[in-house]
Structures are given as structure tokens and as C-alpha cells.
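Q:
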Amino acid sequence: MSNPQQLRFTKEHEWVTEVDADGVATVGITEYAANALGDVVFAQLPEVGDTITAGETCGELESTKSVSDLFAPVTGEVTAANQDVVDDPALVNTAPFEGGWLFKVKITGGEDDLLSADEYTAFTAG
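Anchor point for the sequence shown: position 32 equals 32 in my numbering, and the numbering is continuous, going up by one each time.
Pasting the structure below:
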């Protein structure tokens, strides 16, 4: 399992892209988390306009194995939620780093605690 080098990660197994020119980043869960969850059958995502706080719950993913909280990897305002994942939660399993992204957030803080791809790989290996 290879973690894209351009992404940053959390110990709760979310990934975050670099911010774009508008200060917005895309968030999803890692392939490691998707594999651990099993087949995702339901996704409750934060709504556009919601303010999320790094480390706090902001949604949940339900699989055939369990229900898992989705933790905000950064602090900011949600600018988009991936309706494709709400309609077809299996995208989280089949394309966790592409079409299975969860939401976009205009970051106002919290990014200092994110891990590099190499740090996350070492974390999940241990």
C-alpha cells in the first residue's frame, strides 16, 4: 500500500491535500482505513458551511463491520461535500485517494499536526 507523497495524513487515518489558491484542501480517508473498515455502506459527511475543528468528529462512515467516526483533520469551514460518496459509499473503498474523497475545507488552522506520507507509513507499520 503506497501513500501519495503529496498528501498529509492524520493518526486517525484521514488525508489532506495541499491547499489551493483559495486556501481550500480536499479531505478523505486512507487506503489503510478503507481496508480496515471493510465495505463502506453509508457515509454521513459534514455539510457545506459547517465549521469543523481539528481532532473533533465531523461525520461517520458505516461499513459491514462497524461504524466509525470521521475526525476533522484540520480546522476550517466546509466548502464542499462529495455527493458521489453519499450516493455510492463504496467509492471510499475503490478509490480512496481519487473519487472517494469526502469533503473540501477552507483551512483556518490545525495543519501543524499533520504527518508526511513517510511518517504516516511508519505509523501504520508499527
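For every residue, glycine included, the Cβ atom is placed at its ideal position computed from N, Cα and C.
Quantities reported herein were computed from a predicted structural model and do not represent experimental measurements.
Would you call the region 5-13 and the region 105-121 touching, i.e. three or more CB-CB distances under 8 angstroms?
A: Segments in contact, yes.
Q: Starting from the C-beta of A90, find all residues in its chain whose C-beta is less than 7 angstroms away, skip the five residues before and the five after it, and write them out in chain order.
A: Counting from one through the sequence shown, the residue named residue 90 turns up at place 90. Excluding positions up to five away in sequence, the list reads D39 and V40.
Q: Report the three-state DSSP secondary structure of Q83 (helix, strand or coil).
A: Numbered from its first residue, the sequence shown carries residue 83 at position 83. Reduced to three states, the DSSP call for Q83 is helix.
Q: I'd like the ranges of any beta strand (DSSP E) spanning at least 3 consecutive residues and lying wholly in the region 16-72.
A: With a minimum length of 3 residues, the continuous beta strand (DSSP E) runs that stay inside the region 16-72 are 24-29, 40-44, 57-63 and 67-71.
Q: Classify K104: buried if its beta carbon has 16 or more other beta carbons within 10 angstroms, exposed otherwise.
A: By one-based count along the sequence shown, residue 104 stands at place 104. Buried: at least 16 other Cβ atoms inside 10 Å.
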